[in-house]
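Novice: Residue numbering for the sequence shown follows the numbering used here, beginning at 1 and increasing consecutively.
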Amino acid sequence: MDDPSGGWAKAAKASAELGGKVVDAARDLGSFIAGPAAEVVGMVQDQLKVARFERRIRLMDRVDALMKERGMSGPTRQLTLAVGLPLLSYAAVEEDDNLQDRWATLLTNAADAGSGTEMRRAFVSMLADMTALDVKCLVAIATAPNAGNGTILTGKLPDCVEIDEQSEADAAMPTKDVAVSLGNLYRLGCITLGMTWGGWMHPATAAITPLGLAFVHACTAQQHVATP
């Protein structure tokens, strides 16, 4: 028998179920932010309206998985509204899986009192201004054996870093895309770049800054330390 409603009943049911999931996602993500629960959930819902539903759900699934790995059932430290709302907004609309995973890790570390992560508002704007290539290059530099104590050669980034004592003038230049990424990381204060004798910037070498190391630490899965 034909559906006299023309499918509207099914559509209404599906819409109601979707709406329920959106509210659930907003409530779950809202638990990471300090403040009156009802007001926080409402603000989170407003922030998430522009995000595609599947991206919101993927974000929550990734955060849940990271917390379960640490034996956490929920946040043990809440974020301020000034940090939490923009973080959730950027994380939920991110279309690149690798970058969204970084957002999920940043959120989990910020919400984990045992992560050893000092959460700064700057980390949110820094990650929002990075591409996947930017992050890959930065992580490679930050995990070099001499990170924090020397420079690396950028000619083979992002696949690997080289540590060499050769003259900067003889070092191979990175590809154009990598050079652009290095320029952005320099702009964000994450790295320093080499200089020529004439005072020109020379992206064949780079070094991580304390800010860059702290940022990578905040966006990397940490060994959970139980809080007393």
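Glycine included, every Cβ here is placed at the ideal spot set by N, Cα and C.
#1: What does the alpha-carbon distance come out to for the pair L106 and D129?
#2: From the DSSP secondary-structure annotation, give me the bridge partner or partners of T192.
#3: Measure the alpha-carbon distance for K68 versus D61 and round it to whole angstroms.
#4: On the premise that P158 lies in contact with L182, defined as a C-beta separation below 8 Å, what is that separation, rounded to the nearest angstrom?
#5: So for I57, helix, strand or coil by DSSP?
#6: Contact defined as beta carbons within less than 8 Å: I believe V161 pairs with A144. What is the distance between those atoms, to the nearest angstrom?
#7: Among residues of its own chain, excluding the 5 on either side of K136, which ones have a beta-carbon nearer than 7 Å to its beta-carbon?
#8: Leaving out five residues on either side along the sequence, give the residues of the same chain with a beta carbon under 8 Å from the beta carbon of L213.
#9: Say whether the region 96 to 116 touches the region 195 to 211, bearing in mind that this needs 3 or more beta-carbon pairs closer than 8 Å, one atom from each stretch.
#10: Tell me whether the beta-carbon of L185 lies closer than 8 Å to the beta-carbon of L127.
#11: Tell me whether I163 sits in a helix, a strand or coil according to DSSP, three-state version.
#12: So does the region 113 to 120 actually touch the region 88 to 101, counting three or more Cβ pairs closer than 8 Å?
#13: What are the residues that DSSP puts in a beta bridge with I152?
#14: With Q100 as the anchor, note down where its alpha helix (DSSP H) starts and where it stops.
#15: Which residue from E54, K156, S73 puts its Cα closest to that of T175?
#16: Closest by CA to F53, which one among T80, A91, L79?
#17: Among R70, L153, A65, which has the Cα closest to the Cα of M173?
#18: Any idea if A229 is buried or exposed, counting beta-carbon neighbours within 10 angstroms, 16 or more meaning buried?
Specialist: Based on what the coordinates show:
#1: 15 Å
#2: A207
#3: 11 Å
#4: Not quite, the Cβ-Cβ distance comes to about 10 Å (not below 8 Å), so this is no contact.
#5: helix
#6: 5 Å
#7: P158
#8: A142, A147, G148
#9: no
#10: no
#11: coil
#12: no
#13: A206
#14: 97 to 111
#15: K156
#16: A91
#17: L153
#18: As displayed, the chain neither begins before 1 nor continues past 228, which places residue 229 out of reach and without an answer.
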